Amino acid sequence: MSLTILTADELQNLEMRAANQLGADTLMKRAGAAAAELIMKRLEDAGVEQRRVTLLVGPGNNGGDALACACELREKGAVVNVVLPGGRRPTSALALAQLERWTQAGGTTYDDPYMTEKADCVVDGLFGTGLAKPITGDYLDAVLWFNERQALKVSLDIPSGLNPVTGHWTGSYPGCSADVTITFLCVKSGLYMCEGADAAGEIVLNELDVSVPLSPLSVIGTDEFPRVLRPRVKNSHKGDYGSVAVIGGTDGMIGASILAARAALISGAGRVTLECRAEHAPHVDMVYPEIMFATKPVNLEDFDAIVLGCGLGTSAEAKARVIEALNCQKPLILDADALNIIAADIKLQDMVLARRAPTVLTPHPGEAARLLRRDTAGVTADRVAACRELAVQTGAIVVLKGAGTVISMRSSRTWINPTGSPMLATGGSGDVLAGMIGAMFAQGYDMVESVLAAVYFHGLSAEGLEAGFTAGEIAPNAMALVHDARVSYDL
Numbered sequence: 447m448s449l450t451i452l453t454a455d456e457l458q459n460l461e462m463r464a465a466n467q468l469g470a471d472t473l474m475k476r477a478g479a480a481a482a483e484l485i486m487k488r489l490e491d492a493g494v495e496q497r498r499v500t501l502l503v504g505p506g507n508n509g510g511d512a513l514a515c516a517c518e519l520r521e522k523g524a525v526v527n528v529v530l531p532g533g534r535r536p537t538s539a540l541a542l543a544q545l546e547r548w549t550q551a552g553g554t555t556y557d558d559p560y561m562t563e564k565a566d567c568v569v570d571g572l573f574g575t576g577l578a579k580p581i582t583g584d585y586l587d588a589v590l591w592f593n594e595r596q597a598l599k600v601s602l603d604i605p606s607g608l609n610p611v612t613g614h615w616t617g618s619y620p621g622c623s624a625d626v627t628i629t630f631l632c633v634k635s636g637l638y639m640c641e642g643a644d645a646a647g648e649i650v651l652n653e654l655d656v657s658v659p660l661s662p663l664s665v666i667g668t669d670e671f672p673r674v675l676r677p678r679v680k681n682s683h684k685g686d687y688g689s690v691a692v693i694g695g696t697d698g699m700i701g702a703s704i705l706a707a708r709a710a711l712i713s714g715a716g717r718v719t720l721e722c723r724a725e726h727a728p729h730v731d732m733v734y735p736e737i738m739f740a741t742k743p744v745n746l747e748d749f750d751a752i753v754l755g756c757g758l759g760t761s762a763e764a765k766a767r768v769i770e771a772l773n774c775q776k777p778l779i780l781d782a783d784a785l786n787i788i789a790a791d792i793k794l795q796d797m798v799l800a801r802r803a804p805t806v807l808t809p810h811p812g813e814a815a816r817l818l819r820r821d822t823a824g825v826t827a828d829r830v831a832a833c834r835e836l837a838v839q840t841g842a843i844v845v846l847k848g849a850g851t852v853i854s855m856r857s858s859r860t861w862i863n864p865t866g867s868p869m870l871a872t873g874g875s876g877d878v879l880a881g882m883i884g885a886m887f888a889q890g891y892d893m894v895e896s897v898l899a900a901v902y903f904h905g906l907s908a909e910g911l912e913a914g915f916t917a918g919e920i921a922p923n924a925m926a927l928v929h930d931a932r933v934s935y936d937l
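Counting in the numbering used here, the sequence shown runs from 447 upward without gaps.
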């Protein structure tokens, strides 16, 4: 299921509305109760009997959530320790009320987490989404203590020290790294991107029984591409599943185009043709002989989707082929060298913008930076903003690859992909993604379904895999997962 992401202002407005309707203390108690329920369930599932929990309490409302959680945990029979780092009491009135609730129930507090007994679970309630500066002093010591624990580590709303929008740390030191982050009201984009992709651990959303408004930014869910998950009809043939042309593979980079062509074939395209640009190009793929090799440039209008750029090179001949592709009126997926050629010529960027057929750009941050005429750091500083800007600039659907791949349309409708793993950081994985997207287009799915499904299952294919995983394994794994999803969907 897709999950809504709100901007900082939208989230603040939602919190204010919910607080006015329910009472701010009620919202905090709901957050604490939700966190306590999750913690007790995880410890129970792990077979932990004593259930010793230590909570780190910060100065604001995130600390109030932790105190509300402490009260709930104690009522559920857990052994609970509360730490106010450096003896600093909360400055938030709501958090102070929860501290009073804790002490009236007989709870005590510690100034130093190192003075507490061994815990089965440690809870990060130091800082939430409002943090805008580096963590220092006693709070930084508490972060270091949290990260050192051999226990279930839970962050409330967001790992302390993480920018909720960009996924970068707010300071030069890492913040809390959790096993589980229970986030409230809505998910935050920073949980899926950059350092946040590792720091958040498993992300669990609890909306606290509050109605969350729709937003143009969301996390991809399988409900975004229902047609992809429908089983194929029995009365069909290869012509019903379209044709893909893969153009690339200059000398020394033939493998990139072969990976893209194989991915298109495995992902369900009825027919795949590889136009390999190398002087001594192969004439057959001995592993997948179903792929046809063109001995001369193909007529682009004969295909249902075109994948251009994988190992293409940046020669004058390659540029001429890019221009021909931009002039054709077929769905076009532009990757790798095709993007570099376009980035080097503003007239070609105007041609991308003028296209009426669906166009998809699949840059990594460096390629996106060249298209936007800035440095890579400027792209990675705010991946969502950069992806949206490039989509507006080109009129294309942009797939900004990386930890927490971002997909954006010219309308600013944007998605973040929740799937993926470091195993995708291998040569050729981007070529495979381009081929998968091309296959989805060729089969007749609309452009949003095609891109979201390909990105989602491309990432999912690498989860749980170890080093040694290669790009050639992505598409077969991905399609096995699509099959499993189709079976579940059909049930």
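Glycine is no exception: its CB is placed at the ideal position from the N, C-alpha and C atoms.
On a predicted model such as this, the values are computed, not experimentally measured, just so you know.
Just to confirm the assignment, what range does the beta strand (DSSP E) spanning residue i have?
| i | result |
| --- | --- |
| N466 | Not the beta strand (DSSP E): N466 falls in the alpha helix (DSSP H), residues 454-468. |
| I779 | 778-780 |
| F739 | 738-740 |
| S664 | 663-665 |
| L846 | 843-846 |
| T860 | 860-862 |
| I853 | 852-854 |
Buried or exposed: where does residue i fall if 16 or more other Cβ atoms within 10 Å of its Cβ makes it buried?
| i | result |
| --- | --- |
| I704 | buried |
| A823 | exposed |
| S857 | exposed |
| L608 | buried |
| I649 | buried |
| P804 | buried |
| S682 | exposed |
| T826 | buried |
| K742 | exposed |
| V897 | buried |
| M882 | buried |
| V852 | buried |
| R391 | Only positions 447 to 937 of the chain appear in this structure, which leaves residue 391 out of reach. |
| N508 | buried |
| H904 | buried |
| I819 | Checking the sequence, you will find Arg at residue 819 rather than Ile. Classification of R819: exposed, given that the 10 Å Cβ count is below 16. |
Looking at the unbroken alpha helix (DSSP H) that takes in residue i, where does it start and where does it end?
| i | result |
| --- | --- |
| F915 | That residue, F915, is in no alpha helix (DSSP H); it is neither H nor E in DSSP. |
| S703 | 700-712 |
| E770 | 762-773 |
| E835 | 829-840 |
| Q496 | That residue, Q496, is in no alpha helix (DSSP H); it is neither H nor E in DSSP. |
| K793 | 792-800 |
| S896 | 893-906 |
| M732 | Run containing M732: none; DSSP gives neither H nor E here. |
Which residue or residues does DSSP assign as beta-bridge partners of residue i?
| i | result |
| --- | --- |
| I649 | T627 |
| Y556 | V529 |
| R717 | S689 |
| D570 | L502, S601 |
| T805 | L778 |
| I752 | A691, L778 |
| V404 | The requested residue 404 does not occur in the structure, where the chain is confined to residues 447 to 937. |
| L608 | W615 |
| C722 | G694 |
Taking C-alpha atoms, which residue in the options lies nearest to residue i?
| i | options | result |
| --- | --- | --- |
| D748 | R767, K776, A764 | K776 |
| T453 | A588, P610, D584 | P610 |
| L785 | R802, P811, C774, P804 | P811 |
| P620 | S657, A516, T582 | T582 |
| E835 | M797, G848, T860 | T860 |
| I666 | P864, M561, A900 | P864 |
| M699 | D686, V526, G757 | G757 |
| I604 | R595, G571, L590 | G571 |
| G874 | C517, F592, V658, G701 | G701 |
| D669 | A782, Y902, K634, A917 | Y902 |
| I712 | V928, A842, L654, L502 | V928 |
| G759 | G553, I693, N745 | I693 |
| A514 | Q544, L501, A539, M869 | Q544 |
| I779 | A691, T612, A482 | A691 |
| G884 | L799, A707, S854, P809 | A707 |
| G688 | Q889, M462, V933 | Q889 |
| A465 | R673, S657, S661, N923 | S657 |
| G506 | R816, A931, G876, F573 | F573 |
| A516 | A477, E495, W615, G493 | A477 |
| M738 | A715, P809, G755 | A715 |
| A880 | F915, A921, M869, M474 | A921 |
| A565 | L631, E518, A524, R820 | A524 |
| K847 | L542, V494, I862 | I862 |
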